[in-house]
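Trainee:
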Amino acid sequence: IIFGILSDRFGRKWPLVGNLVFVAILKLSAGFVQTFKQFLACRSLFGIGMGGIWGMAAATSLENLPVEARGIASGLMQEGYAVGYLLAACINLTLVPDTATTWRSLFWMAAGISVFAAALRAVLPESEVFLRAKAIEKGKGTTTRQKTRMFVRQSGDMLKRHWLLCIYTVLLMAGSTFAPDLEICSQFFSRRLQLLGAWFSSMSCWSLF
């Protein structure tokens, strides 16, 4: 919600660049943690940043496509999660065993990838749909603040009506990303907790069906 408001007010480009830099800092910090509490804090904040990236990236990529192509494009974009996990697994198998910092190097490399993505987005143009919408708003005399108020009000109504569905989606995404963190930083967790995380992740995936 926070990054969505920023995106509507300041555009798709620079809020996304700032968000990518934010998560890069958190990834870099995760490589220096010494306790589970520190790791949990970094990853919790990372989850907030990741939510912002997902929303703004989806808006940027989908709103400039024809309506009939957005469903397929959304599915392809969702596969970025799977590709990212595959890339992380390959790096974990090849790079991590040969480094003195072990799993920490994985987070540092991920931070570099996020910085690269931020630099790439910085040189690309702003969304044409957003620019046209701002021009229409200017012509009508409306302001982004009015849109923000409407968005907040509609979000409140949605939460009141569909609060149970919102809880389910949060648990679903938590389950799908819970196990990988447990596996990467296994030294912080017992074997039983790792198995619990794997079970939670599996159940969240099965719930889709």
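Residue numbers (my numbering): 47 to 255.
Backbone N, C-alpha and C fix where the C-beta goes; we use that ideal spot for every residue, glycine too.
For PRO143, does the three-state DSSP call read helix, strand or coil?
Mentor: helix
Trainee: Which whole runs of the beta strand (DSSP E) in the segment 63 to 121 are 3 residues long or more, in chain order?
Mentor: none
Trainee: Going by Cα to Cα distance, which pick from THR81, ALA103 and MET204 is closest to ALA163?
Mentor: ALA103
Trainee: At what residues does the alpha helix (DSSP H) containing LEU52 begin and finish?
Mentor: 48 to 56
Trainee: Since LYS73 and PHE153 are thought to touch, with beta carbons under 8 Å apart, how far apart are those beta carbons, to the nearest angstrom?
Mentor: 5 Å
Trainee: Does the beta-carbon of THR145 have 16 or more other beta-carbons within 10 angstroms, so that it is buried, or is it exposed?
Mentor: exposed
Trainee: Which residue comes first and which comes last in the alpha helix (DSSP H) that contains SER151?
Mentor: 150 to 169
Trainee: Whole angstroms are fine: how far does the CA of GLY130 sit from the CA of ASN138?
Mentor: 12 Å
Trainee: Since GLY185 is in the alpha helix (DSSP H), which residue starts that stretch and which ends it?
Mentor: 174 to 186
Trainee: Rounded C-beta distance between PHE49 and GLY117? I'm assuming under 8 Å.
Mentor: Incorrect: roughly 24 Å between the Cβ atoms, too far for contact.
Trainee: To the nearest angstrom, how far is the alpha carbon of SER160 from that of VAL69?
Mentor: 7 Å
Trainee: Going by beta carbon distance, what residues of the same chain come within less than 8 Å of ALA91, once the five residues before and after it are set aside?
Mentor: According to the sequence provided, residue 91 is Leu. The question's Ala does not apply to it. These residues qualify, in order along the chain: LEU72.
Trainee: Exposed or buried, SER215, counting other C-beta atoms within 10 Å across all chains shown (16 or more means buried)?
Mentor: Position check: residue 215 holds Thr in this sequence, whereas Ser was assumed. Classification of THR215: exposed, given that the 10 Å Cβ count is below 16.
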